[in-house]
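Asks: For the sequence shown, the tail end lands on 305 under numbering that gives the first Met the number 0, and the numbers increase by one without skipping.
All C-beta atoms in this analysis are idealised placements derived from N, C-alpha and C, irrespective of residue type, glycine included.
Here the structure is a predicted model, which is why all the values come from computation and not from measurement.
Have a look at this one before I ask anything.
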Amino acid sequence: MNQSGVVIRVPGKINLGLSVGPLDSDGYHELVTVFQAISLYDDVIVKFGAEGSGITLDASGSTATGVPLDHTNLAYKAAALMVERFQLDADIDIHLKKEIPVAGGMAGGSADAAGVLVGIDALFELGLSRDQLERIGAELGSDVPFGIAGGTAIGRGRGDELTPVLSQGKYQWVLALANSGLSTPAVYSECDRLREGMMISRPAANDALLQALRAGDAKGLGKALSNDLQSAACSLRPALRLVLDVGNDYGALGCIVSGSGPTVAFLVEDEEKALDLTVALSASGVVAGVVRATGPTHGARKISSI
Ligand code: C5P
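Right, here's the structure in full:
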């Protein structure tokens, strides 16, 4: 082995469409979702550790505060799974440089796990295919395979059965961040509560959304953004409605709560609109932070050896 460490860059994601089916007997909901990887990244550094140290995890970066650094972190679980699966006889140090908002519906934890899988594959020269890595990722969590794949993709099942989507152009996003996260299970159960007594059909792909992506039509995409969890997220966090209103007032092409929230993603036409909206959101007092990003971007990939 001729490298002592690798740096893997992994993107956050937003869900452009999220169709949620009825609650299944396994406690999960069947989904059809369209993911887009966006240019907010964590860097995952995977290195050989000191003999006998086992798996160690630490974190730095603007969104690292409060991230658990023990075996409950999905990045740690990813390393433990790879060690067990491939009988790796080595100690592994993982360092997360975090910029993806935490607990915001942007899959930051899943991205880190994706980075660890790709990093261990590279460091130990396992030669796994993307497909194999995605299948291992699915054992860890529904959003992990997309962290590996990146780009734009439809996720079916729990969101982990991926098919790439034909997409043209780059899209400009403004993301409104919240101070504290929303619990994913709580948002799903609020969704069930709000839909009580309604006939819920199987989840379906949003044709208008896919058509807009195929055509590179930002206006069409803005209109087609949809998330079945949005009402539930707004019901648990009413301030999100105010955030969505700011986007409408400042000419966003569309806005959506990302995943189970509370991050709100605004699609805008160009740099100028992005700037206007960033200023308006920052001044509104209803958000904790604003960041800009473009999508789609690549999935987990090695950017250097160390
Ligand atoms: O995917 P994850 O394990 O983070 O999901 C946490 C919880 O969110 C699940 O235990 C379930 O209650 C809810 N969930 C769901 N349907 C999904 C994904 C998550 O009901 N497709």
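For the alpha helix (DSSP H) holding Arg8, just list the boundary residues, first then last.
Replies: Careful: Arg8 lies outside any alpha helix (DSSP H), inside the beta strand (DSSP E) at Gly4 to Leu22.
Asks: Short of 8 Å in beta carbon distance, which residues of its chain neighbour Ala185, apart from the five on each side in sequence? Order them along the chain.
Replies: Cβ neighbours of Ala185 beyond the five flanking positions: Leu235.
Asks: If we count the other Cβ atoms within 10 Å of its Cβ and call it buried at 16 or more, is Ala152 buried or exposed?
Replies: Ala152 should be labelled buried.
Asks: Entirely within the segment 96-129 and at least 4 residues each: give me those alpha helix (DSSP H) ranges in chain order.
Replies: The qualifying runs are 107-122.
Asks: Is it the case that the CB of Gly298 approaches a heavy atom of the ligand C5P more closely than 7 Å?
Replies: No, the ligand C5P has no heavy atom inside 7 Å of this Cβ.
Asks: Determine the DSSP secondary structure at Thr30, reduced to helix, strand or coil.
Replies: Reading the sequence as shown, one finds Leu at residue 30 and not Thr. In this structure, Leu30 counts as strand in the three-state DSSP scheme.
Asks: If you draw a straight line from the alpha carbon of Ile99 to that of Ser166, how long is it in whole angstroms?
Replies: Cα-Cα distance, rounded: 23 Å.
Asks: Measuring straight from C-alpha to C-alpha, what distance separates Val286 and Gln131?
Replies: Val286 and Gln131: Cα-Cα distance of roughly 39 Å.
Asks: For Thr64, does the count of other Cβ atoms within 10 angstroms reach 16, so buried, or fall short, so exposed?
Replies: The residue is exposed, with fewer than 16 neighbouring Cβ atoms inside 10 Å.
Asks: Since Asp90 and Ala49 should fall inside the 8 Å C-beta cutoff, what is the C-beta to C-beta distance between them, to a whole number of angstroms?
Replies: Right, the Cβ-Cβ distance comes to about 6 Å (below 8 Å), so this counts as a contact.
Asks: Is Thr71 near the ligand C5P, in the sense that its beta carbon is under 7 Å from a heavy atom of that ligand?
Replies: Checking every heavy atom of the ligand C5P against the Cβ of Thr71, none is found closer than 7 Å.
Asks: What whole-angstrom Cβ distance do Val290 and Leu176 have, given they're in contact under 8 Å?
Replies: With 8 Å as the limit, Val290 and Leu176 qualify as a contact, their Cβ atoms being about 7 Å apart.
Asks: So Lys12 packs on Ile44, CB below 8 Å; how close in whole Å?
Replies: The Cβ separation is near 21 Å, so there is no contact.
Asks: Which class does Leu176 belong to by DSSP, given the choice of helix, strand or coil?
Replies: Looking at Leu176 - three-state DSSP - the assignment turns out to be strand.
Asks: By how many angstroms is the C-alpha of Tyr170 removed from the C-alpha of Leu212?
Replies: So the alpha carbons of these two residues sit roughly 10 Å apart.
Asks: Counting pairs of Cβ atoms below 8 Å between the segment 117-127 and the segment 272-284, do you hit three or more?
Replies: Taking 8 Å as the limit for Cβ pairs, the verdict is that the segment 272-284 does not touch the segment 117-127.
Asks: Should Asp248 be labelled buried (16 or more other beta-carbon atoms within 10 Å of its own) or exposed?
Replies: Looking at its Cβ environment, which holds fewer than 16 other Cβ atoms inside 10 Å, Asp248 is exposed.
Asks: From the DSSP output, which residues share a beta bridge with Ile255?
Replies: Answer is Ala264, bridged to Ile255.
Asks: Nearest-angstrom Cα distance between Asp111 and Leu15?
Replies: Going from the Cα of Asp111 to the Cα of Leu15 covers about 21 Å.
Asks: What would DSSP say about Pro184, mapped onto helix, strand or coil?
Replies: Pro184 falls in the helix class under three-state DSSP.
Asks: Please find out if some non-hydrogen atom of the ligand C5P comes closer than 7 Å to the beta-carbon of Leu193.
Replies: Answer for Leu193: no, Cβ out of range of the ligand C5P.
Asks: Determine the direct distance from the alpha carbon of Ala79 to that of Val115, and round the result to whole angstroms.
Replies: Taking the straight line joining both Cα atoms gives about 10 Å.
Asks: Taking the straight line between their C-alpha atoms, what separation do you get for Arg194 and Pro202?
Replies: Taking the straight line joining both Cα atoms gives about 14 Å.
Asks: Under 6 Å, CB to any heavy atom of the ligand C5P. Which residues pass, going along the chain?
Replies: Qualifying residues come out as Gly26, Tyr27, His28, Leu30, Gly140, Ser141, Arg157, Thr183, Pro184 and Tyr187.
Asks: From the DSSP output, in three-state form, read off Tyr75 for me.
Replies: Here Tyr75 sits in helix by DSSP.
Asks: Drop a sphere of 10 angstroms on the beta-carbon of Ser3, count the other beta-carbons inside from all chains shown, and report buried for 16 or more, exposed for fewer.
Replies: Classification of Ser3: exposed, given that the 10 Å Cβ count is below 16.
Asks: Please list the terminal residues of the continuous beta strand (DSSP E) segment that includes Val290.
Replies: Unbroken beta strand (DSSP E) run through Val290: Gly288 to Gly294.
Asks: Can you give me the C-alpha to C-alpha distance between Asp41 and Val5, rounded to a whole angstrom?
Replies: C-alpha separation (whole angstroms): 14 Å.
Asks: From what residue to what residue does the beta strand (DSSP E) around Gly156 run?
Replies: Here the beta strand (DSSP E) through Gly156 covers Thr151 to Gly156.
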